[in-house]
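Only one structure is covered here, and it is reproduced in the block below.
Residue numbers (this note's numbering), protein chains in the order written: chain A, 1 to 319; chain B, 1001 to 1448; chain C, 2001 to 2317.
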């Protein structure tokens, strides 16, 4: 990645520039030793808790193991993969996930960027209200998902009464969680409510990183505010925005706790995202081999998409 | 009524405890403790009370680990499977028994029962099959029937008694407004109540289970399907399911459940199990509620809807019979426990007739014939007579070692059809048979 | 990154624009906060009020929810309670008024303690390791640095649930299942990738002349790191810590799957506070409210670092 290229070349230059570094080696640990001392623990931890299990999962995905049965796993070749990829239901779950990820990201970006632009106007008390807006992000998705089931209860929860009041419909005439048409939007709504603050925060950091002199120059050129936005603000914030998209896309792709407690995948299967299917296969049905295969497919999908995306991100940075 | 029972049994207990266990053991038992694992619900509270007597009698302290129903199976099967020593005693669900027996998670109790003269004949036959035996209908015991339970119904007696409603109902259906005896009547009455304004609120006919994540909708829909011709397999040909599970009658039963859901379920209760039903009933949203009998003692005492306002009836009949879904659990000793002997001591204590009586009095539900079939019990509470009858007409879900995949497959197929309107009931059941055949093949059984 | 804390943008917005912006932001904040206020209010409702149909906005506050959260109670007959000695404490009185008898403390305190230990433990560890690694990548020529940094980022792309099965089996085997240390290590591993990326961007911005000067003055590398770089990186570290804590404080799936009791934290516990039949919403709400407090306090305390800390310096040229 270009970023690190730049960093390491800086380090080279620094090393060339400082003869003192040579002297240091005599006194303390050598730079090389310090570097490894600093980096290795992180690497080892990631290897042990991320990479090793991943390799194990790949191995398990070719077996018919059921972790709750004492009998040993048999090698089944590609059966699990074939099962999954030919299963209409799994494809439906991928479509549910895609709908969820697409809309939740779109809404988060629009609202998050909008809020950041507004807060950047620095009205009085903006930092207080920023903190208030951040609150939903600090909650546990599981706890919140659970509590939203009460808020969405048509008869005893407040949500339908508020909407009913403004829309002029009876509170019990619709059900956010129970209706096939609304439920996919309900999970989008709750996820957007939770994570918009995160996107807002990153956008805000982006806005604050734009040096004033650029606007000053634009002002001198008498560029309209709208033009300033399109030609300065947006391009400067874009890398931040794209990073927010990356983190949030991954987060919503693998998100399981909120949906599980809010709808548990229902009604029918209209909110059953792939991560819920995976959890059920792995830890309820204990179809370990099958679940591992699904996990590998999921990982490859995310990894592939993220790879393409990071390339795009780097390209944007070049511009 | 309840307090009389409590009274009596307190006296009983004091006597028997002194007799059977003596006080000598309490000194030796200093510092000992046992952990009892179960679900977090009303009867568990009663168990905490009951266990105080055990501690008094033996000096063994009782700890309790109660997990909510929606994660009860996941959590404890995980524990058992990992040979955890967390639980010494477990009140495990009836469906676990196959896996628990085949994987030796539980201690087999035959020798222990013989030695201590505990006879399975003293318990209701359905509970022995359901909570103790594996393989089914063979004398191999892995638990002691502990908590008898089945699906039943509550209704708002005060609403049913309103003269204007009774008159209107009679004019419309030409019969009295009484608790339903058949599923057809159940649907009629549900439709009659739905949309009515009672006490200034719009009400709905009936509440039924629709939960998707664990076992809810299956435990609900079977109450209709059993009575329209559904069964799990051909009685003469084990594991043969085609034409039985997906028979025309079974599909009709599923349609009936869906009809009731579509017409008369309060809005929003599309992923609802025990607690949502209780909430709906307690907050005056529904005229009738499907739920487990285990909650009925609590509801009967409820300050808002209990007492005179509540009535109970057993699961209505259908064209092919009258069955109801078995719930309930057996008490088992965890094989991995470090204190198997103390745990067995508890089982012995728990099996005593006096303790069984007190257990029921406190709000549990003994499966002992002596307790349930006594006239005193039937007269003890409004739900008691229909409970005893219900326990005589129960059927249970699969109890195979791989019951979880079987259950989750059924959950998906039923929820897809009943709640999300996907396909037809016949298609759902045809797909279910395919799902189940696949699971049985994994288990090495021949379902063809 | 001196431009980050520029006092204000050059083009001063008009007062009207500011007021409109303020109105829009406040409106959003109020709507977004409503569910939280409802949770807070429910914590002080009685069970009947919590599930009232239609919902109640005005109600008589009670501490029932908190009593239910902290105790295990059993339902008893009226007469039985009448015979008991009078309640010794106010919480016992609250329970008795509803025909309940307190049987003992609930496990909420243990769970809360676990949340504190695991949440803050893993945050400290992740931030610590992240700072070291970020410094290492920022200042030294590490072979394959690009690949290693990408590798670190890629662990972030792994769905936690995807590796949950092997981690579950591995933890069983190593005896880390249902242990606090196991959970701390796991959350650290999940967080450390974010920490490295956030902090590397930040440390890149710290002028290396400072350290070089220190080295010339006779400091060792480690001393220079400790005495010169760390104080400069405080803002970045604080922001990173907030993000790490938000994750590990609230994490649910791993904790649900990898613990059974000893190391269980609050998130898997709160949704399942069951009362006498029916979910005990006031107790759930009370637990949620108490659970939210530490992280809010922590965030507010470190608030001024939050914005300046997440520069993602790595993103910018």
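Where a beta carbon is used, it is the ideal one built from N, C-alpha and C, also for glycine.
Burial state of residue 2219(C), where buried means 16 or more other Cβ atoms lie within 10 Å: Residue 2219(C) counts as buried, since at least 16 other C-beta atoms from the protein chains shown sit within 10 angstroms of its C-beta.
Assigned secondary structure, residue 2057(C) (DSSP; H/G/I helix, E/B strand, else coil): Of the three classes helix, strand and coil, the one that applies to residue 2057(C) here is coil, per DSSP.
Unbroken stretches of the alpha helix (DSSP H), 4 residues or longer, contained in the stretch 1327 to 1378 of chain B: The qualifying runs are 1340 to 1351, 1353 to 1362, 1369 to 1372, 1375 to 1378.
Closer than 8 Å to chain C by CB, residue 303(A): For residue 303(A), the nearest beta carbon of chain C is closer than 8 Å to its own beta carbon.
Beta-carbon spacing of residue 1268(B), residue 155(A) below 8 Å: Going by C-beta atoms, residue 1268(B) is nearer than 8 Å to residue 155(A).
Within-8 Å CB hit, residue 1985(C) to chain A: For residue 1985(C) there is no data in the structure shown, the boundaries of chain C being 2001 and 2317.
CB contact check: residue 1432(B) to chain C, cutoff 8 Å: Contacts with chain C at 8 Å (Cβ-Cβ) do not include residue 1432(B).
Secondary structure of residue 1145(B), DSSP reduced to three states: Residue state, collapsed to three classes: strand.
Own chain residues within Cβ distance below 7 Å of residue 2067(C), not counting five before or after: Counting only Cβ-Cβ distances below 7 Å, and skipping sequence neighbours, we find 2091, 2094, 2095.
Segment limits, beta strand (DSSP E) that includes residue 2034(C): According to the DSSP assignment, residue 2034(C) belongs to no beta strand (DSSP E) but to the alpha helix (DSSP H) extending over 2015 to 2042.
Minimum C-alpha distance to residue 1302(B) - residue among 2098(C), 2040(C), 2232(C): Across the set 2098(C), 2040(C), 2232(C), the C-alpha of 2098(C) shows the shortest separation from the C-alpha of residue 1302(B).
Contact with chain C by residue 1080(B), beta-carbon distance below 8 Å: No, no contact with chain C.
Contact set for residue 293(A): own chain, Cβ-Cβ below 7 Å, skip 5 residues either direction: For residue 293(A), where only same-chain residues beyond five positions count, the Cβ hits under 7 Å are 61, 80, 81, 84.
Pair within 8 Å by beta-carbon distance, residue 1256(B) and residue 1183(B): Judged by their CB atoms, residue 1256(B) and residue 1183(B) are nearer to each other than the 8 Å cut-off.
8 Å Cβ cutoff, residue 1022(B) in contact with chain C: Residue placement at residue 1022(B) is flagged as unreliable, the pLDDT there being 38, under the threshold of 50; the coordinate-derived value follows with that caveat. Residue 1022(B) does not count as touching chain C.
Nearest-angstrom beta carbon gap, residue 1220(B) and residue 1209(B) [assumed within contact, 8 Å]: So it is a contact: roughly 3 Å between Cβ atoms.
Straight-line gap, residue 189(A) to residue 108(A) (C-alpha atoms, nearest Å): Going from the Cα of residue 189(A) to the Cα of residue 108(A) covers about 10 Å.
Length of the line joining the Cα atoms of residue 2210(C) and residue 43(A): Cα to Cα, the separation comes out at about 28 Å.
Below-8 Å beta-carbon distance, residue 2226(C) vs any chain B residue: At a cut-off of 8 Å between beta-carbon atoms, residue 2226(C) makes no contact with chain B.
Interface flag, residue 184(A) vs chain F, CB-CB below 8 Å: Judged by its chain identifiers, the structure shown contains no chain F, and its protein chains are A, B and C.
Inter-stretch contact (C-beta, 8 Å, three-pair minimum) for the stretch 268 to 283 of chain A and the stretch 2156 to 2172 of chain C: Contact between the stretch 268 to 283 of chain A and the stretch 2156 to 2172 of chain C is present, because at least three Cβ pairs lie under 8 Å.
Residue-chain proximity (residue 21(A), chain B), Cβ-Cβ < 8 Å: Below a pLDDT of 50, predicted positions are generally treated as unreliable, and residue 21(A), at 46, falls in that range; the measurement from the model is reported next regardless. Using a Cβ-Cβ cut-off of 8 Å, residue 21(A) does not count as an interface residue toward chain B, since no Cβ of chain B sits closer than that to its own.
Contact with chain A by residue 1405(B), beta-carbon distance below 8 Å: Cβ-Cβ to chain A under 8 Å: yes for residue 1405(B).
Limits of the unbroken alpha helix (DSSP H) element including residue 1036(B): Note, residue 1036(B): premise wrong, no alpha helix (DSSP H); beta strand (DSSP E) at 1033 to 1039.
Chain C within 8 Å of residue 1048(B), Cβ atoms only: Yes, residue 1048(B) counts as interfacial toward chain C.
Test: residue 313(A) CB closer than 8 Å to a CB of chain B: Cβ-Cβ to chain B under 8 Å: no for residue 313(A).
Cβ-Cβ distance between residue 2196(C) and residue 2134(C) below 8 Å: Residue 2134(C) is positioned such that its CB atom lies closer than 8 Å to that of residue 2196(C).
Neighbour flag for residue 1221(B) against chain A, beta carbons, 8 Å: It does not: the Cβ of residue 1221(B) has no partner Cβ on chain A nearer than 8 Å.
Segments assigned alpha helix (DSSP H), at least 4 residues, entirely inside the stretch 1174 to 1207 of chain B: Counting whole runs of 4 or more residues, the stretch 1174 to 1207 of chain B contains the alpha helix (DSSP H) stretches 1183 to 1193.
Whole-Å CB distance - residue 1157(B) paired with residue 1309(B), under 8 Å assumed: Confirmed, about 6 Å.
Where the alpha helix (DSSP H) containing residue 2047(C) begins and where it ends: For residue 2047(C), the enclosing alpha helix (DSSP H) stretches over residues 2047 to 2050.
Residue 1230(B) vs residue 1214(B) beta-carbon contact at 8 Å: Going by C-beta atoms, residue 1230(B) is not nearer than 8 Å to residue 1214(B).
Contact list for the stretch 273 to 284 of chain A against chain C, Cβ threshold 8 Å: Residues passing the 8 Å Cβ filter: 275, 278, 279, 282, 283.
Cβ-based neighbour list, residue 1319(B), same chain, cut-off 7 Å, excluding 5 preceding and 5 following: Closer than 7 Å at the Cβ level, and outside the excluded window around residue 1319(B), lie 1228.
Nearest to residue 1212(B) (by Cα), restricted to the options 268(A), 139(A), 104(A), 132(A): The shortest C-alpha separation from residue 1212(B) is found at 268(A).
C-beta atoms of residue 1155(B) and residue 1387(B) nearer than 8 Å: Cβ atoms of residue 1155(B) and residue 1387(B): not closer than 8 Å.
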